[in-house]
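Below is one structure; the comments refer to it alone.
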Amino acid sequence: MVVRVAERAILSGADEVLVASDHPQVLAAAESHGLRTLPTRADHLSGTDRLAEVVEASGWSDDTVVVNVQGDEPLIDPALISQTASQLAQSGADIATLAHPITDAADFFNPHVVKVVLAAGGDALYFSRAPIPYARDHFAREAGGETLPARMLAYRHVGLYAYRARFLRTYASLAPSPLESLEALEQLRALWHGFRISVAISDRLPLPGVDTLADAQRVQAWFKKFDPAPD
């Protein structure tokens, strides 16, 4: 699966794609396909902490742009990766990420769908698994929560992040925040310590990642139909 993710990342136009993991099997699979790999420690609290180790081990300059793509996203759209990198360059923020409008009430109330609330300039105010922003009057009338207001301003976070190596070096020295631990959302550490996260609104909704065996079977069927491996 991680090889498929790396192949999608290569299609984004990235100058370099590197697979970082603490699992020897993952690294071996990547190396067998000619991908650059880097073994990392197993005690990282988050993917961003792991990236900080990668930055130091690779000796990247402070201005190097790094995009974090999770290894369980084999259907990730390469255009989303490049959009995230572009948003970092355009915004001048410490971190850039993406969001997509939420139009389905089930997604809005689903704790596995992370929501983000934005400031007027497009920076993130907060990320949460809770249904935010909560339309009090609408949901008082719609007790079942089956519909959303016409103008909801609710956005689904797309789990891609772009950073400069300079920020990743700083992030590694930051104490984890209580909110990060409560919500299990690593980006809240940056907000807690006062760093900017710029959010671009994408009109592309990423295809689901792989969290279960059923997800893996669905993805395998997708590749068999649309992108079969060469003989």
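Quick note on the working numbering: the sequence shown kicks off at 3 and runs consecutively. Glycine is no exception: its CB is placed at the ideal position from the N, C-alpha and C atoms. The structure presented is a predicted model; accordingly, all values stated were derived computationally and were not measured.
When the Cα atoms are used, what is the spatial distance from residue i to residue j?
i	j	result
Q89	L100	9 Å
A126	R158	12 Å
S14	F129	26 Å
L150	K117	14 Å
V92	I203	The question names Val, but residue 92 is Gln in the sequence shown. Going from the Cα of Q92 to the Cα of I203 covers about 14 Å.
A234	A167	The question about residue 234 has no answer here: the residues shown for the chain are numbered 3 through 233.
R198	E148	34 Å
D17	G124	27 Å
S63	L82	24 Å
G94	V67	12 Å
N112	F169	31 Å
D79	H102	14 Å
L77	P178	31 Å
E33	E144	53 Å
A30	L181	36 Å
L53	T42	9 Å
A8	V69	12 Å
Use the C-beta contact count for residue i: other C-beta atoms within 10 angstroms, 16 or more gives buried, fewer gives exposed.
i	result
H35	exposed
D183	The amino acid occupying residue 183 in the given sequence is Ser; Asp does not appear at that position. Classification of S183: exposed, given that the 10 Å Cβ count is below 16.
G73	buried
Y173	buried
H114	exposed
E75	buried
P133	buried
E2	The question about residue 2 has no answer, for the chain in this structure spans 3 to 233.
A161	The sequence given here has Gly at residue 161, not Ala. When all chains shown are included, G161 counts as buried.
D252	In the structure as shown, the chain begins at 3 and stops at 233. Residue 252 is therefore absent and cannot be evaluated.
Q85	buried
A138	Sequence inspection shows Arg at residue 138; the Ala mentioned does not correspond to that position. R138 should be labelled exposed.
T105	exposed
R38	exposed
S175	exposed
D96	buried
Y165	buried
D45	exposed
D65	exposed
Y163	buried
L47	exposed
Reducing DSSP to helix, strand and coil, say where residue i ends up.
i	result
L190	helix
L100	strand
H25	coil
D139	helix
V68	strand
I12	helix
D45	coil
D109	helix
S204	coil
T39	strand
I78	coil
D125	strand
L234	An answer regarding residue 234 cannot be provided, because it is not within the stretch 3 to 233 covered by the chain.
R52	helix
S63	coil
R158	strand
I83	helix
V57	helix
V119	strand
Tell me the start and end of each unbroken alpha helix (DSSP H) in the region 162-188 that is at least 4 residues and wholly inside, in chain order.
-> Entirely contained in the region 162-188, the alpha helix (DSSP H) runs reaching 4 residues are, in chain order, 167-173, 180-185.
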